[in-house]
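**Student:** Below is the structure I would like to discuss, written out as structure tokens.
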Ligand code: PLZ
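Written out as structure tokens, the structure reads:
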């Protein structure tokens, strides 16, 4: 075992005070990480994977520290969750105060302030100035499930349209809504019924402008589903797991307009794109759309599990009393964390920071693209940026190259995530608390990994 690991006598405290540096004192995984991974293999179901072979002990700013004393640059934010940074001081203080006060009453049994305050905040900051209401849940998938329940109850209709490359979760209904079979669905059926899939706008691959792409989707919906049967369409304004696909201008507004004209609820799944991630509070704002319902989770509570459905009051109120809920939904500790996180999103320059990060990441990736034809496309908004890797001769997706670059980057202490239907996208989702220096160093490592691949 290395000497640095030996001197690590206690777990370092997380948060922004952690030294903001990439530091490799062992290979990745080091011995202590390997020990945990061996225990994981014995104790944890094989289906639960991991991206970085580390034993995390602390995180904050732009780094994750492992049990061997390595400090890795975090370009993933735990899949777009720790947007304001890990163990943000305001979140820590709010959680500590709440956990000492009470941990749970169940909002359906004895309601409390923080749940109502989170609902008020969501109603205020989500797109549109119409009357809104919210309901809180535990996970993104649970929020999506409830958005569909609410839309069905409101419209009295059953069908739901999701899109190619869409990702909405791992529960039964949300698996049905999710496009990609492996690893999310394969062998886990049968899936929920009355789910239909429409073509997405994917400018890099379909070459269609937004109007034409929307026409194609709407034609499919009208012919194969029928507006009379359709309760809702659900779409990520920018697709996350599916490959950070930014639809062509005009695509989303045309879908919203069609929904309005046909009594179909338009649900924006902003679970990955929400809360300053894209340089706007919500990605819907980028495209000038006002969804009927919006699902949120991930960044909402600085790392604590919380999710929400927010939307038009008349739709949200369609359910009979007692029709919505769950034991833990809107847990008081998660709500306290969310109120602190939303304060940071609104008051601490997060939108500006996301846009600065966009400039750095896009600049670095466009430089790479100019020098290397294997970088087929660079796209995204704010701190949600991706590069799509292709075979330059054919334009075909190159998943092997993508996996090699990601693996080599992680081995060099830079956590990057892949995504995409074809597995050929590296996505960059740094916490907004990362320093410019760390961001550049991380991109240096990715560039070197690409050059070597
Ligand atoms: N909708 C748009 O991005 C979660 C999941 C990764 P949960 N995405 C990361 C994985 O492999 O499980 C997500 C999302 C969008 C819904 C969800 C689901 O959110 O909190 O994971 O249930």
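In the working numbering, the protein residues as written are 22 to 474. Quick reminder that beta carbons are idealized off the backbone N, C-alpha and C, glycines included.
#1: Confirm the yes/no value for this check: CB of residue 402, any heavy atom of the ligand PLZ, distance under 6 Å.
#2: Where does residue 165 sit, in a helix, a strand or coil, going by DSSP?
#3: Under 7 Å Cβ to Cβ from residue 96, same chain only, skipping five residues before and after it: list those, please.
#4: Helix, strand or coil: how does DSSP classify residue 93 here?
#5: Leaving out five residues on either side along the sequence, give the residues of the same chain with a beta carbon under 6 Å from the beta carbon of residue 76.
#6: Measure the beta-carbon distance from residue 357 to residue 135 and round it to whole angstroms, keeping in mind my assumption that it falls under 8 Å.
#7: Just list the beta strand (DSSP E) runs in the stretch 163-227, keeping only unbroken ones of 3 residues or longer that don't cross its boundaries, in chain order.
#8: Who pairs with residue 294 in a beta bridge, going by DSSP?
#9: Is residue 448 helix, strand or coil by DSSP?
#10: Count the other CB atoms within 10 Å of the CB of residue 196; is the residue buried (16 or more) or exposed (fewer)?
#11: Let me have the residue list for the ligand PLZ: C-beta closer than 6 Å to any non-hydrogen atom, ordered along the chain.
#12: Output the distance between the C-alpha atoms of residue 477 and residue 39, rounded to the nearest integer angstrom.
#13: Look at the alpha carbon of residue 424 and the alpha carbon of residue 430, and state the distance between them as a whole number of angstroms.
#14: Which residues does DSSP list as the beta-bridge partners of residue 440?
#15: In terms of residues, what are the limits of the beta strand (DSSP E) holding residue 409?
#16: Kindly confirm or deny that the stretch 258-274 and the stretch 217-235 touch, where touching means at least three C-beta pairs closer than 8 Å.
#17: Could you tell me which residues DSSP pairs with residue 111 in its beta bridges?
#18: With a Cβ-Cβ cutoff of 7 Å, do residue 183 and residue 255 count as a contact?
#19: Please list the terminal residues of the continuous beta strand (DSSP E) segment that includes residue 125.
#20: First and last residue of the beta strand (DSSP E) that includes residue 81?
#21: For a test of the three-state rule: what should DSSP assign to residue 266, helix, strand or coil?
#22: Thinking C-alpha only, which one of 249, 320, 413, 447 is nearest residue 453?
#23: Helix, strand or coil for residue 256, going by three-state DSSP, please let me know.
#24: Can you give the Cα-Cα distance for residue 44 and residue 278, rounded to whole angstroms?
#25: So, at 7 Å on beta carbons, what are the nonlocal neighbours of residue 129 in its own chain, with the 5 sequence-adjacent residues on each side left out?
#26: Straight-line CA distance for residue 363 to residue 460?
#27: Checking 7 Å against the spacing of the C-beta atoms, do residue 189 and residue 260 come in under that value?
#28: Taking the beta strand (DSSP E) that residue 398 belongs to, which residues open and close that run?
#29: Looking at residue 316: is its Cβ nearer than 7 Å to the Cβ of residue 164?
#30: How many Å lie between residue 444 and residue 428 at the Cα?
#31: Measure the beta-carbon distance from residue 179 to residue 215 and round it to whole angstroms, keeping in mind my assumption that it falls under 8 Å.
#32: Classify residue 332 as helix, strand or coil using the three-state DSSP reduction.
#33: Restricting to Cα atoms, I'd like to know which of 205, 232, 301 is closest to residue 262.
#34: Based on DSSP bridge pairs, tell me the residues matched to residue 87.
**Tutor:** With the structure as the only source:
#1: no
#2: helix
#3: 435, 436, 437, 449, 450, 451, 463
#4: strand
#5: 53, 54, 57, 87, 88
#6: 5 Å
#7: 180-184, 216-219
#8: In DSSP, residue 294 forms no bridge with anything.
#9: strand
#10: buried
#11: 100, 160, 161, 162, 165, 188, 189, 190, 191, 257, 261, 262, 290, 292, 293, 318
#12: Outside the shown range of the chain (22 to 474) lies residue 477, about which nothing can therefore be said.
#13: 10 Å
#14: 446
#15: 405-410
#16: yes
#17: The partner list for residue 111 (beta bridge, DSSP) is empty, contrary to what the question assumes.
#18: yes
#19: First-last for residue 125: undefined, no H or E at that position.
#20: 77-81
#21: coil
#22: 320
#23: strand
#24: 51 Å
#25: 346
#26: 24 Å
#27: no
#28: 396-402
#29: yes
#30: 13 Å
#31: 5 Å
#32: strand
#33: 205
#34: 77
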